[in-house]
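To keep things clear, I will list the structure first and then write my remarks on it.
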Amino acid sequence: MQHAEPVATLRLLTRLPERRPARSLPTRLEQFFDRLIACATPGEAQPIEEAIWSAWMYHGHEEAQVALDRASADIAARRFDLAETRLAILLRRRPDWAEAWNKRATLCYLMERDDDSVEAIHRTLALEPRHFGALCGLGEILRSRGDTEAALLAFGLALRLHPHLGSVRETALALRAGRARSGR
Numbered sequence: 000m001q002h003a004e005p006v007a008t009l010r011l012l013t014r015l016p017e018r019r020p021a022r023s024l025p026t027r028l029e030q031f032f033d034r035l036i037a038c039a040t041p042g043e044a045q046p047i048e049e050a051i052w053s054a055w056m057y058h059g060h061e062e063a064q065v066a067l068d069r070a071s072a073d074i075a076a077r078r079f080d081l082a083e084t085r086l087a088i089l090l091r092r093r094p095d096w097a098e099a100w101n102k103r104a105t106l107c108y109l110m111e112r113d114d115d116s117v118e119a120i121h122r123t124l125a126l127e128p129r130h131f132g133a134l135c136g137l138g139e140i141l142r143s144r145g146d147t148e149a150a151l152l153a154f155g156l157a158l159r160l161h162p163h164l165g166s167v168r169e170t171a172l173a174l175r176a177g178r179a180r181s182g183r
């Protein structure tokens, strides 16, 4: 797989607010995101976040759904080779499924293949620009590479979509504080 250049991914990030989700995504997601932003507390946001993840994880083709569920279980059990094979087959058949790309990004991150993870995140966000999970993953990779500004951009976009991501907010605050201490 060809790697997405970090610059290309950053360009994509700056255009995310104006991008539209893929037509294959459920239309009810729009309502979920509107409700998520309106939530006053993390507790109020949690069931809506779960509904968003359920919508992302769902696919109308049973074979694809089973493949993603099995790949997810393989990732959780750290059977990375098996998960990678399942995801490769799934993505050849269903390249327009954002959550399958996000699972690949997670798998590659866990395997310490950050370039492959960034490529999969790029594909995820191209299909689902509201994917706060992919944005958080990208932020973590950028932070680990020492790219504070780009990490803050990714975390900020995630928080704009889901204001109740407490650990992401804390990470962003720590990055800003570190930047202020270093005079950047």
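For the sequence shown, position 14 (counting from the first letter as 1) is numbered 13 according to numbering that gives the first Met the number 0, and the numbering increases by one without interruption.
We treat Cβ as the ideally placed atom computed from N, Cα and C, and that holds for glycine.
State buried or exposed for residue i, treating a residue as buried only when at least 16 other CB atoms are found within 10 Å of its CB.
i, result
"T13", "exposed"
"A21", "exposed"
"P128", "buried"
How many whole angstroms separate the CB atoms of residue i and residue j, which I take to be in contact at a CB cut-off of 8 angstroms?
i, j, result
"A70", "L89", "7 angstroms"
"V167", "I140", "In fact, because the Cβ distance is near 14 angstroms, the residues do not count as touching under 8 angstroms."
"A120", "A104", "This sequence places Ile at residue 120; Ala is not what is there. I120 to A104, Cβ: 5 angstroms. Contact."
"L109", "F131", "That belief does not hold up - the Cβ atoms of L109 and F131 are roughly 19 angstroms apart, past 8 angstroms."
"A37", "H163", "In fact, because the Cβ distance is near 11 angstroms, the residues do not count as touching under 8 angstroms."
"A125", "L11", "7 angstroms"
Report all residues from its chain with a CB closer than 8 angstroms to the CB of residue i; omit the five preceding and five following residues, and keep chain order.
i, result
"G165", "P41"
"F79", "D73, L106, L109 and M110"
Is the separation between the beta-carbon of residue i and that of residue j shorter than 7 angstroms?
i, j, result
"L172", "L151", "no"
"A54", "L28", "yes"
"A66", "R85", "yes"
"T123", "A87", "no"
"A63", "R93", "yes"
Excluding sequence positions up to five away, which residues of its chain have a Cβ less than 6 angstroms from the Cβ of residue i?
i, result
"L193", "The question about residue 193 has no answer here: the residues shown for the chain are numbered 0 through 183."
"L137", "I120 and A153"
Can you list, in chain order, the residues of its chain whose CB lies under 7 angstroms from that of residue i, leaving out five sequence neighbours each side?
i, result
"E83", "L106"
Legend entry - Length at least 4, wholly inside the region 44-70: the alpha helix (DSSP H) runs in chain order: The DSSP assignment places no complete alpha helix (DSSP H) segment of no fewer than 4 residues inside the region 44-70.
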